[in-house]
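Q:
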Amino acid sequence: MFGTVSDEREVGVPASEAWKLYGSLELAKIVGEALPNLFEKIEVVEGGGGAGTIIKLYFPPGAGLAPYKEKFTVVDDEKRVKETEVVEGGFLDMGFTLYRVRLQVIEKENNSSSSSCITKSTIEYEVKEESAANASFVSIQPLVNIMDVAANYLESKS
């Protein structure tokens with residue numbers, strides 16, 4: 001069973017400014033500090049933020065998710081796209097064969113002097129038929145919360 005969910009929001013900064021945050025490990029640091037109820041800890045296991053970087057996500061007790069590792073499979077500065085895939089634990093232990101998160105920063109055309117962009121988060125997943133009920137654990141809301149934290153951070157800096 002394959003599925004996808006996504007959401008987006010407008011951010012009052014140029015796409016180049018938003019990508020400086022989204023395209024780096026700084027996003028994990030800001031999110032970890034701002035949303036302690038979402039992540040107990042985010043640890044960089046390997047890499048410096050580019051493709052191949054592996055991070056481990058820890059969730060607060062009672063969150064219902066075991067820690068898992070995800071790998072940055074795409075970090076494209078030109079297209080302003082970052083993709084991560086769960087490579088160990090978490091959703092894979094629940095019968096998922098794929099759990100991919102895509103973060104995009106999209107330039108927004110404006111006819112005024114102010115600049116803004118669109119941030120978009122997408123989850124793509126594939127789950128074994130015998131574990132199809134676990135698809136109910138897929139939620140875009142944590143990524144919406146991350147986009148909100150990032151937008152507030154970026155807009156307060158500008």
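Using UniProt numbering, the first residue of the sequence shown is number 1, and each one after it goes up by one.
We put the CB at the ideal spot given by N, CA and C, even for glycine.
Could you pull the start and end residues of the beta strand (DSSP E) that Ile54 belongs to?
A: Segment 54 to 58, the beta strand (DSSP E) holding Ile54.
Q: Keeping to the same chain, check which residues put their C-beta closer than 8 Å to that of Tyr125; ignore five residues upstream and five downstream.
A: Excluding sequence neighbours, Tyr125 sits near Phe2, Gly3, Thr4, Phe91, Phe96, Leu98, Tyr99, Arg100, Ala135, Val138.
Q: What is the DSSP secondary structure of Ser156, reduced to helix, strand or coil?
A: Note: Ser156 maps to helix in three-state DSSP.
Q: Give the straight-line distance between the Cα atoms of Val13 and Leu25, rounded to the nearest whole angstrom.
A: Their Cα atoms are separated by approximately 19 Å.
Q: Please classify Lys108: does DSSP put it in a helix, a strand, or coil?
A: In this structure, Lys108 counts as coil in the three-state DSSP scheme.
Q: Tell me the residue span of the beta strand (DSSP E) that contains Ile118.
A: Unbroken beta strand (DSSP E) run through Ile118: 117 to 127.
Q: Indicate whether Met147 and Ser121 have their beta-carbon atoms separated by less than 7 Å.
A: It is a contact, given that the beta carbons lie within the stated cut-off.
Q: To the nearest angstrom, how far is the alpha carbon of Ala34 from that of Lys157?
A: Each residue's alpha carbon lies about 15 Å from the other.
Q: Would DSSP call Glu33 helix, strand or coil?
A: The answer is helix: DSSP assigns Glu33 an H, G or I state.
Q: I believe Arg80 touches Gly23 by the beta-carbon criterion, under 8 Å. Please report the beta-carbon distance rounded to the nearest angstrom.
A: Going by Cβ atoms, the distance from Arg80 to Gly23 rounds to 7 Å, so yes, they are a contact pair.
Q: Which residue from Ile42, Gln104, Gly52 puts its Cα closest to that of Val144?
A: Of Ile42, Gln104, Gly52, the residue nearest in Cα terms is Gln104.
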